[in-house]
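All remarks here apply to the structure that follows.
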Amino acid sequence: AQSVAQPEDQVNVAEGNPLTVKCTYSVSGNPYLFWYVQYPNRGLQFLLKYITGDNLVKGSYGFEAEFNKSQTSFHLKKPSALVSDSALYFCAVRDGYTNAGKSTFGDGTTLTVKP
Amino acid sequence: GAVVSQHPSWVICKSGTSVKIECRSLDFQATTMFWYRQFPKQSLMLMATSNEGSKATYEQGVEKDKFLINHASLTLSTLTVTSAHPEDSSFYICSANLRGNTEAFFGQGTRLTVV
Chain S
1 AQSVAQPEDQ VNVAEGNPLT VKCTYSVSGN PYLFWYVQYP NRGLQFLLKY
51 ITGDNLVKGS YGFEAEFNKS QTSFHLKKPS ALVSDSALYF CAVRDGYTNA
101 GKSTFGDGTT LTVKP
Chain R
1001 GAVVSQHPSW VICKSGTSVK IECRSLDFQA TTMFWYRQFP KQSLMLMATS
1051 NEGSKATYEQ GVEKDKFLIN HASLTLSTLT VTSAHPEDSS FYICSANLRG
1101 NTEAFFGQGT RLTVV
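Line by line, the protein sequences are chains S and R.
The opening position of the first sequence corresponds to residue 1 in my numbering, with each subsequent residue numbered one higher.
The opening position of the second sequence corresponds to residue 1001 in my numbering, with each subsequent residue numbered one higher.
Here it is in structure tokens:
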């Protein structure tokens, strides 16, 4: 079984400030971790992924995430937030051992960046 | 990156009618596609896994006779909502994985409204 928790429904930050969107996961096998962003009435856009290698992963639009195996976390970060970053963010996990392709998504975190 | 296209982007139908949603992988072959349902301000719920040339695998609680899935080719999967009712109104999203690729590519979603 696999699961994802995004403990914050909403994150509010001021433009120019750093942002963090939290994600913790549970998976029995090898974790493949993903972050996606969704704008209203749109599908999901891929931001970044962790499969193996360096724990710090850099992705699209200046986002990055750090894989922490001991804390089973994969928090999304950005050094300086933009108003255009306001959107719904989903963390997802997949079991790399089974490679069945099924992803489990967190409940999502709404990020609001205020000017 | 790979592109997954969904059609239509939105559809309004009368209660009791059936609606077909198409999911196409435009520049790659997808042996497996996934269908998700998303309620407003909620996460994505996996409905079924669509396998080319075989029957779809449905998640627990999803009515297979209600949500018919056909994956007739390596680039096309369809979801048909049969005898639609207002409670079927939702945002439906498909995704596909490149063979051997760890990343899922998502369609732009279909907003279904049943009146």
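Note that beta-carbon positions come from the ideal geometry of N, C-alpha and C, so glycine has one too.
Would S/Q10 and S/T112 be called neighbours here (beta carbons separated by less than 9 Å)?
In terms of Cβ geometry, S/Q10 and S/T112 form a close pair [threshold 9 Å].
DSSP beta-bridge partners of S/L56:
For S/L56, which the question treats as bridged, DSSP gives the partners S/E66.
Beta-carbon within less than 6 Å of R/E1022's beta-carbon, same chain only, minus the 5 sequence neighbours each way: which residues are those?
Its chain contains H1007 and T1078 as the residues whose beta carbon lies nearer than 6 Å to that of R/E1022, once the 5 sequence neighbours on both sides are disregarded; these appear in chain order.
Helix or strand or just coil, what does DSSP make of S/S80?
Residue state, collapsed to three classes: coil.
With 9 Å as the C-beta to C-beta threshold (strictly closer), list the residues of the segment 60-91 of chain S near chain R in chain order.
Listed by position along the chain: L88 and F90.
Would you call S/Y61 buried or exposed, if buried means 16 or more other Cβ atoms sit within 10 Å of its Cβ?
Burial check for S/Y61: the Cβ neighbour count within 10 Å stays below 16, so the residue is exposed.
Is the segment 1091-1098 of chain R in contact with the segment 74-93 of chain S, if contact means three or more CB pairs nearer than 8 Å?
With contact defined as three or more Cβ pairs closer than 8 Å, the segment 1091-1098 of chain R and the segment 74-93 of chain S are not in contact.
Run the CB neighbour count on S/V57, radius 10 Å, all protein chains shown included, and call it buried at 16 or more, exposed below.
That one is buried.
Assumed close pair S/S73, S/T24 - CB separation to whole angstroms, cut-off 8 Å
The beta-carbon separation of S/S73 and S/T24, rounded to 5 Å, stays under the 8 Å limit for a contact.
Rounded separation between R/V983 and S/N68 - CA only:
With chain R represented from 1001 up to 1115, any question about residue 983 of chain R goes unanswered, as that position is not in the structure.
Verify the contact flag: S/S103, CB atom, against every heavy atom of the ligand NAD, threshold strictly below 8 Å.
The ligand NAD is absent from the structure shown, which contains no ligands of any kind.
CB contact check: S/Y25 to chain R, cutoff 9 Å:
Against chain R, the CB of S/Y25 has no partner CB under 9 Å away; the residue lies outside that interface.
Does the beta carbon of S/Q45 sit closer than 9 Å to a beta carbon anywhere in chain R?
In terms of beta-carbon proximity, S/Q45 lines the interface with chain R, with at least one pair separated by less than 9 Å.
Contact list for R/F1119 against chain S, beta-carbon separation under 7 Å
Shown here, chain R extends from 1001 to 1115; a query on residue 1119 of chain R therefore has no answer.
Could you name each continuous beta strand (DSSP E) segment of 3 residues or more that falls completely within the segment 1009-1049 of chain R, going from the start of the chain to the end?
As far as the segment 1009-1049 of chain R is concerned, its whole beta strand (DSSP E) runs of at least 3 residues are 1010-1013, 1019-1025 and 1032-1038.
Nearest chain S C-beta to R/T1049 closer than 9 Å, yes or no?
Yes - at least one Cβ of chain S is within 9 Å of the one on R/T1049.
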